[in-house]
Every structure is written in structure tokens, then in C-alpha cells.
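Colleague:
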Amino acid sequence: MNRRILLWGVAVLALVALPLIVLALNQPFYLDLVRRIMIFAIAAISLNLILGYGGMMSFGHAAYLGVGGYAVGILAFYGIFNGWLQFAVAVGASALVAAAIGAVSVRASGIYFIMITLAFTQMLY
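Numbering (our numbering), first residue to last: 5 to 129.
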């Protein structure tokens, strides 16, 4: 077996097992820490896709995290604490905003793409 495939398998297994281990510990601090690690890992992976494979520098990724956080906060304010529902609404809201911003931003390249994503991020701030 290739060493690289083995390392990827171990990493994926660790990421799958980590939330289960934290739930078994029943410690709120570690649960919050793992949750934040997973959220920022998703953000880093998405930035790696657009910058690494697409070669486009984007300043808009923080806006999508903010929209998802805002959606979860609004649901929690109204007493909806179901984590799966909050996750689905956060992803859906971020995807809608990303589709709207992406429809405009995809036509630009280079410094224009950077400025458009920065402008949209500032508008959502």
C-alpha cells in the first residue's frame, strides 16, 4: 500500500473519530474546541480549492462564515437548538449568498476578482 494513501486514511479516520471521542468525554470545552477546529478546517479547505487549484485570491470567505454564524444565531434566538437543522440552515444560507456573489465575481480575474470579493465582504460586514 502506498504510504500517502495510508496517511490520508489515518487522517480521515482521526477526523471521523474525533467528534465521537469528544462526545464520550462529555466536556463542553473540548466539544467547542473540536467544533471550531472543524469549522475552520472547512474554511481552509475551501480557500485552498479556490487559491490552490483556481489561482484566484479571494477575500470573501470570511463573509460566508459570518452568514452561516448569523443564521445559527437567529435560529438560536428563536429557540431552535437542533444542531442538524442549524447546520443545514447555515450551509443553505451561506450557499445562497455564495451563489449570488459568485455569479458576479466569476466574470472577473486578477486584481478585479480580489476587489470584488473584498467589496462584497465589506458589504456583509
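From the three backbone atoms N, C-alpha and C, an ideal C-beta is built for every residue, glycine too. Predicted, not measured: the structure shown is a model, and the values here were computed from it.
Can you tell me whether ILE84 is buried or exposed? The criterion is at least 16 other CB atoms within 10 Å of its CB, across all chains shown.
Modeller: Here residue 84 is taken as the residue at index 80 of the sequence shown, counted from 1. Looking at its Cβ environment, which holds fewer than 16 other Cβ atoms inside 10 Å, ILE84 is exposed.
Colleague: Would you tell me roughly how many angstroms separate the C-alpha atoms of ALA75 and ASN30, rounded to the nearest one?
Modeller: If you number the sequence shown from 1, residue 75 lands on position 71. If you number the sequence shown from 1, residue 30 lands on position 26. So the alpha carbons of these two residues sit roughly 26 angstroms apart.
Colleague: Please report the straight-line C-alpha distance between HIS65 and ARG7, rounded to a whole angstrom.
Modeller: Against the sequence shown, residue 65 aligns to sequence position 61. Against the sequence shown, residue 7 aligns to sequence position 3. So the two alpha carbons sit approximately 33 angstroms from each other.
Colleague: Determine the direct distance from the alpha carbon of GLN90 to that of TYR82, and round the result to whole angstroms.
Modeller: For the purposes of this step, residue 82 is identified with residue 78 of the sequence shown, where counting begins at 1. For the purposes of this step, residue 90 is identified with residue 86 of the sequence shown, where counting begins at 1. Distance between the alpha carbons of TYR82 and GLN90: 12 angstroms.
Colleague: On the criterion of 16 or more Cβ atoms from any shown chain inside 10 Å, does ALA28 qualify as buried, or is it exposed?
Modeller: Taking the first residue of the sequence shown as 1, we reach residue 28 at position 24. By the 10 Å Cβ count, ALA28 comes out exposed.
Colleague: Quick check: the Cα distance between GLY72 and LEU51, rounded to an integer number of angstroms?
Modeller: In the sequence shown, the residue the question calls residue 72 occupies position 68. In the sequence shown, the residue the question calls residue 51 occupies position 47. Rounded to the nearest angstrom, the two C-alpha atoms are 16 angstroms apart.
Colleague: Inspect the beta-carbon positions of PHE63 and LEU22 and report whether they are closer than 7 angstroms.
Modeller: Along the sequence shown, one-based indexing puts residue 63 at 59. Along the sequence shown, one-based indexing puts residue 22 at 18. Cβ distance not < 7 angstroms, so PHE63 and LEU22 don't count as in contact.
Colleague: Using only the alpha-carbon positions, how far apart do ILE46 and PHE33 sit?
Modeller: On the sequence shown, residue 46 is found 42 positions in, with the first residue counted as 1. On the sequence shown, residue 33 is found 29 positions in, with the first residue counted as 1. Between ILE46 and PHE33, the C-alpha separation is close to 20 angstroms.
Colleague: I think ALA48 touches LEU128, with their Cβ atoms under 8 angstroms apart; what is that distance to the nearest whole Å?
Modeller: Numbered from 1 along the sequence shown, position 44 holds the residue referred to as residue 48. Numbered from 1 along the sequence shown, position 124 holds the residue referred to as residue 128. Contact flag wrong, Cβ pair sits at about 20 angstroms.
Colleague: Going by the CB atoms, is the gap between ILE118 and MET61 shorter than 7 angstroms?
Modeller: Numbered from its first residue, the sequence shown carries residue 61 at position 57. Numbered from its first residue, the sequence shown carries residue 118 at position 114. Cβ atoms of MET61 and ILE118: closer than 7 angstroms.
Colleague: Can you tell which of VAL93, LEU19 and VAL108 has the C-alpha that lies nearest to the C-alpha of PHE124?
Modeller: The residue you call residue 124 lines up with position 120 of the sequence shown. Among VAL93, LEU19 and VAL108, the Cα nearest to that of PHE124 is on VAL108.
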